[in-house]
Amino acid sequence: MSIAYVVDSRPDAAAPSPLAAGALPLPVVGADLSVPLVTGEQVGYVNLDYAASAPCLRSVLDAVAALLPWYSSVHRGAGFASTVTTELYAAARQAVGDFVGARADDTVVFTRNTTDALNLLAAALPEDTTVVTFASEHHANQLPWRRGRSVVLPVPASADEAIARADDALRGAPSRHRLLAVTGASNVTGELWPLSELAAVAYRRGARLSVDAAQLAPHRAIEMAAIGADYLALSGHKLYAPFGGGVLVGRGDWLDAARPYLAGGGAVRRVTLDGVEWASGAPRHEAGTPNVVGAVSLAAACRALAEVGMPAVAAHEAGLLDRVTRGLGAVPGVERLEMWGPASPRIGVVTFQVRGFHPGVVAAALSAEHGIGVRDGSFCAHPLMSALAGARAPEAPGGAAVPGAVRVSFGVGTSRADIDRFLGAISDLVARGPRARYRLDAGRYVPEPDPRPRPALAGLLAGGTAGAMHGLLASHLAPCQSPV
Numbered sequence: 001m002s003i004a005y006v007v008d009s010r011p012d013a014a015a016p017s018p019l020a021a022g023a024l025p026l027p028v029v030g031a032d033l034s035v036p037l038v039t040g041e042q043v044g045y046v047n048l049d050y051a052a053s054a055p056c057l058r059s060v061l062d063a064v065a066a067l068l069p070w071y072s073s074v075h076r077g078a079g080f081a082s083t084v085t086t087e088l089y090a091a092a093r094q095a096v097g098d099f100v101g102a103r104a105d106d107t108v109v110f111t112r113n114t115t116d117a118l119n120l121l122a123a124a125l126p127e128d129t130t131v132v133t134f135a136s137e138h139h140a141n142q143l144p145w146r147r148g149r150s151v152v153l154p155v156p157a158s159a160d161e162a163i164a165r166a167d168d169a170l171r172g173a174p175s176r177h178r179l180l181a182v183t184g185a186s187n188v189t190g191e192l193w194p195l196s197e198l199a200a201v202a203y204r205r206g207a208r209l210s211v212d213a214a215q216l217a218p219h220r221a222i223e224m225a226a227i228g229a230d231y232l233a234l235s236g237h238k239l240y241a242p243f244g245g246g247v248l249v250g251r252g253d254w255l256d257a258a259r260p261y262l263a264g265g266g267a268v269r270r271v272t273l274d275g276v277e278w279a280s281g282a283p284r285h286e287a288g289t290p291n292v293v294g295a296v297s298l299a300a301a302c303r304a305l306a307e308v309g310m311p312a313v314a315a316h317e318a319g320l321l322d323r324v325t326r327g328l329g330a331v332p333g334v335e336r337l338e339m340w341g342p343a344s345p346r347i348g349v350v351t352f353q354v355r356g357f358h359p360g361v362v363a364a365a366l367s368a369e370h371g372i373g374v375r376d377g378s379f380c381a382h383p384l385m386s387a388l389a390g391a392r393a394p395e396a397p398g399g400a401a402v403p404g405a406v407r408v409s410f411g412v413g414t415s416r417a418d419i420d421r422f423l424g425a426i427s428d429l430v431a432r433g434p435r436a437r438y439r440l441d442a443g444r445y446v447p448e449p450d451p452r453p454r455p456a457l458a459g460l461l462a463g464g465t466a467g468a469m470h471g472l473l474a475s476h477l478a479p480c481q482s483p484v
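In the UniProt record's numbering, the protein residues as written are 1 to 484.
Structure (structure tokens):
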């Protein structure tokens, strides 16, 4: 069976935009950050933890700074600033829907993040709904469905097996309503899921498809309508807009029939002492004052990526991915974790173990001795990590087996020099071992002792360094004379 992965079906998707030429990597906040090492040196920070939270695009910070002078209440404020803010909030909703290729009648609900969006959808499911998902999913795409009737399929050995298992499960589900909930790209292995084929299976079995696009959206073009996805969730903090915004996009019938996700102002048409007439559409599930900054920043990130062109983004990251995989392949003892093999299409996520090294020590040493930020652990995907790494868990100090691994992840702000710094560091670590001593502290490995000074910004909330943040914002607000 041939697998058709997610592509951008818009006519101009075949070639990058003119802005793409030489545009990558894009400027991100923190690109010039310097961090201390245990040796007392200062080095430039290399952020290879994009899959957890991506850095803010500089253009997104600029958009937020332009918004803030105009920030005011939305929807019913009489002031001109309220009018501007309300228009920006509505425009952000349209921009995010356009970015994911939503249908004209889809509902776009702003949320806190992907987890919040999927919990909203879980709360909106009709009674007598069976949800089919896989053990390979992030916890956010497993746990919300457990409140009702759910079927969790084992980690598939291939994309073809995923399609076949989903087909069998949906065919056998006795419920009137059925939902297939899958990720677009694995947060552990980076592998892309065959969304078009899974959507076709769902349609054939009278089911709907929900896509966790938290990892997919920053790296690949998405066309919900072309794929056949009924619902899609994503997070701003993974899409270069870390201002507390997320979104659920999808068909409005289930959302309009459900009880509001939150009860409160903004979600109602009329309230009496005896009853409530709830609003329909997105406002039904957006009670309370919305996170306008989160919504506008998310839209600004979508605009920035669209201007560069997602094909250019994918090509940039493919080059980095090839560099990482080739480099790690030359390091003795490194074993990559994969579901479907090295030929599977994937985004810029690589997870690995190093024979003889605990992943927590590897991650701690990369940070403390080399100034490189990665992630270690089970990545909020315990069942998948148990399937991939449990049988060959690394040895921790004291001989205890701990299932876990090290993950490097990257995106539009990553350069080849960043990748080369990492490859040099991991090669040195494997060849020579850690230079410092490490101990467990609240479940994390830390240097013992740790002489690295913390930045003054750590005391921000105590008031001692409020001027630092004020100066940062002032430098962006000064030139802003008009709304974004």
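Beta carbons are placed, not taken as given, at the ideal position from N, Cα and C, and that holds for glycine.
In this text the structure is predicted, and so the values were computed from the model without any measurement.
Determine the DSSP secondary structure at residue i, reduced to helix, strand or coil.
| i | result |
| --- | --- |
| residue 208 | strand |
| residue 370 | helix |
| residue 113 | coil |
| residue 44 | strand |
| residue 50 | coil |
| residue 243 | coil |
| residue 337 | coil |
| residue 436 | coil |
| residue 277 | strand |
| residue 59 | helix |
| residue 125 | coil |
| residue 26 | coil |
| residue 102 | coil |
| residue 139 | helix |
| residue 445 | strand |
| residue 381 | coil |
| residue 318 | helix |
| residue 181 | strand |
| residue 230 | coil |
Measure the C-alpha to C-alpha separation of residue i and residue j and round it to an integer number of angstroms.
| i | j | result |
| --- | --- | --- |
| residue 226 | residue 49 | 31 Å |
| residue 187 | residue 51 | 7 Å |
| residue 259 | residue 238 | 29 Å |
| residue 235 | residue 214 | 6 Å |
| residue 19 | residue 306 | Bear in mind that the predicted position of residue 19 carries a pLDDT of just 46, short of 50, making it too unreliable to give a figure here. |
| residue 435 | residue 362 | 11 Å |
| residue 73 | residue 296 | 14 Å |
| residue 69 | residue 293 | 12 Å |
| residue 331 | residue 324 | 11 Å |
| residue 217 | residue 360 | 28 Å |
| residue 109 | residue 249 | 6 Å |
| residue 126 | residue 176 | 9 Å |
| residue 21 | residue 315 | With a pLDDT of only 47 at residue 21, under 50, the local geometry of the prediction cannot be trusted, and the value read off the model is given with reservation. Spanning the two alpha carbons is a distance of roughly 12 Å. |
| residue 122 | residue 44 | 43 Å |
| residue 86 | residue 75 | 6 Å |
| residue 163 | residue 78 | 53 Å |
| residue 469 | residue 231 | For residue 469, the pLDDT reaches just 49, beneath the cut-off of 50, and the residue's location in the model is therefore unreliable, although a value from the coordinates is still provided. Using only the alpha carbons, I get a separation of about 38 Å. |
| residue 91 | residue 298 | 11 Å |
| residue 55 | residue 413 | 8 Å |
| residue 396 | residue 358 | With a pLDDT of 45 at residue 396, under the threshold of 50, the modelled position of that residue is not reliable, and the figure given next carries that caveat. Answer to the nearest angstrom: the Cα atoms are 5 Å apart. |
| residue 255 | residue 120 | 9 Å |
I believe residue i touches residue j by the beta-carbon criterion, under 8 Å. Please report the beta-carbon distance rounded to the nearest angstrom.
| i | j | result |
| --- | --- | --- |
| residue 409 | residue 348 | 6 Å |
| residue 198 | residue 173 | Not really, about 15 Å apart at Cβ, beyond 8 Å. |
| residue 262 | residue 288 | 6 Å |
| residue 447 | residue 36 | No, residue 447 and residue 36 are not in contact; Cβ-Cβ is about 11 Å, not under 8 Å. |
| residue 155 | residue 368 | Actually they do not touch by this definition, with Cβ atoms about 34 Å apart. |
| residue 101 | residue 222 | 6 Å |
| residue 180 | residue 170 | 6 Å |
| residue 389 | residue 404 | 7 Å |
| residue 407 | residue 379 | 6 Å |
| residue 384 | residue 135 | 6 Å |
| residue 212 | residue 273 | With a Cβ gap of about 41 Å, residue 212 and residue 273 do not count as contacting. |
Anyone know if the C-beta pair for residue i and residue j falls short of 8 Å?
| i | j | result |
| --- | --- | --- |
| residue 266 | residue 113 | no |
| residue 46 | residue 418 | yes |
| residue 182 | residue 193 | yes |
| residue 64 | residue 302 | no |
| residue 350 | residue 328 | yes |
| residue 224 | residue 103 | yes |
| residue 381 | residue 138 | yes |
| residue 98 | residue 251 | no |
| residue 191 | residue 416 | no |
| residue 67 | residue 33 | no |
| residue 228 | residue 203 | yes |
Any beta carbon of chain B sitting closer than 8 Å to that of residue i?
| i | result |
| --- | --- |
| residue 364 | Of the protein chains in the structure, only one exists, and it is not chain B. |
Legend entry - Contact the region 207 to 226 vs the region 330 to 339: 3+ CB pairs below 8 Å: No: the two stretches stay apart, fewer than three of their Cβ pairs being nearer than 8 Å.
Inset, instruction - Say whether the region 55 to 63 touches the region 276 to 287, bearing in mind that this needs 3 or more beta-carbon pairs closer than 8 Å, one atom from each stretch. - result: Three or more beta-carbon pairs separated by less than 8 Å are not found between the region 55 to 63 and the region 276 to 287, which leaves the two stretches without contact.
Inset, instruction - Assess, as a yes-or-no matter, whether the region 348 to 359 is touched by the region 25 to 44 under the definition of 3 or more beta carbon pairs within less than 8 Å. - result: In this structure the region 25 to 44 does not touch the region 348 to 359; the number of beta carbon pairs closer than 8 Å is below three.
Inset, instruction - Flag this pair as touching only if the region 126 to 136 and the region 367 to 378 have three or more C-beta atom pairs under 8 Å; answer yes or no. - result: The region 367 to 378 and the region 126 to 136 do not touch, with fewer than three beta-carbon pairs separated by less than 8 Å.
Legend entry - Touch test, the region 74 to 82 against the region 142 to 155, Cβ-Cβ under 8 Å, three pairs minimum: Result no; under three Cβ-Cβ pairs closer than 8 Å.
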